[in-house]
Amino acid sequence: MINYQLLNECPVFKGVAENETRKLLQQVHYQVKKFSKGDIVAIAGEQISNLFIILSGSVRGEMIDYSGKTIKIEDIEAPRPLATAFLFGSENRFPVTVTTNNSVEIFSISISELLRLMQLNSVVLKNYLDSISSRTQFISQKLHFLSFKTIKEKIAHYLLQKAGDRLHSFQLNSTQQQLAELFGVTRPSLARVISEMQREKLIIIDKKTVTLLNKQKLNELLRNG
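For the sequence shown, the working numbering assigns the number -17 to the initial residue and increments by one for each residue that follows.
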């Protein structure tokens, strides 16, 4: 049984009335698939034949670099879609391996049925195009982030991005382990560099509050990296 209220929070169905979503899905074929914790939903390089939307739970996207190290790209929670930017085109393959973090339900619709859905409702079509643009922008930012050579540069970029232009302090909701996975480093290495940055009076961390003491020097780290 689909939670239509949750499905309508998905970017693909945003702005479509719940009763309209029900009517639309009655006119196309789709499946709801269930996965257990630790199951692989998709493997990097595998051809994409269906649009997946997470209905419950969360998954993580990971890639392996040339040294064999696994780098977590992001966690994806309900009700977000997977790999919207890669569904069409000559190389429509999953860019990362997708693994479940817990019990997950996924809405699955084939490309042909999705196209039919877009023809039936122009809002769905526009939403999908917006989703592709957003994902492309995210991937571009992620590649830029991975280009930083040192852990300190990665931390500086991450914290400056979180703070934005106006803020100097913000709440950090991620644990050190989650950040280590995001940066593709070990937790002790991350903790060592964070301590070093605090000694250098670049940042200060008090429980969950991060304060950037010297934004200029943090930016200089990125320019000189």
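The beta-carbon is built from N, C-alpha and C at its ideal position, and this holds for glycine as well.
Every value quoted in this text rests on a predicted model; they were computed, and no experiment measured them.
- Our two residues, Thr79 and Glu135, have alpha carbons roughly 26 Å apart in a direct line.
- When beta bridges are read from the DSSP output, Phe17 appears opposite Val86.
- Taking the C-beta atoms as reference points, Leu194 is found nearer than 8 Å to Leu200.
- Spanning the alpha carbons of Asn1 and Ala60 requires a straight line of approximately 20 Å.
- At least 8 Å separates the beta-carbon of Pro63 from that of Phe17.
- Scanning the region 37 to 120 for uninterrupted beta strand (DSSP E) segments of 3 residues or longer gives 40 to 46, 52 to 59, 79 to 82, 86 to 92, listed from N- to C-terminal end.
- By the 16-neighbour rule on beta-carbons within 10 angstroms, Ile36 is buried.
- By alpha-carbon distance to Pro77, the top candidate from Ala24, Thr168, Ala173, Ile93 is Ala24.
- Contact annotation: Ser90 and Lys19 have beta-carbon atoms that are not nearer than 8 Å.
- Across the set Asn155, Val105, Ala67, Arg98, the C-alpha of Ala67 shows the shortest separation from the C-alpha of Arg117.
- When DSSP states are grouped into helix, strand and coil, Leu6 belongs to the helix group.
- Asn196 sits in coil when the DSSP states are folded into three classes, being neither helix nor strand.
- In the displayed model, Val167 falls within coil according to three-state DSSP, outside both helix and strand.
- CA-CA distance, Ile58 to Lys124, rounds to 15 Å.
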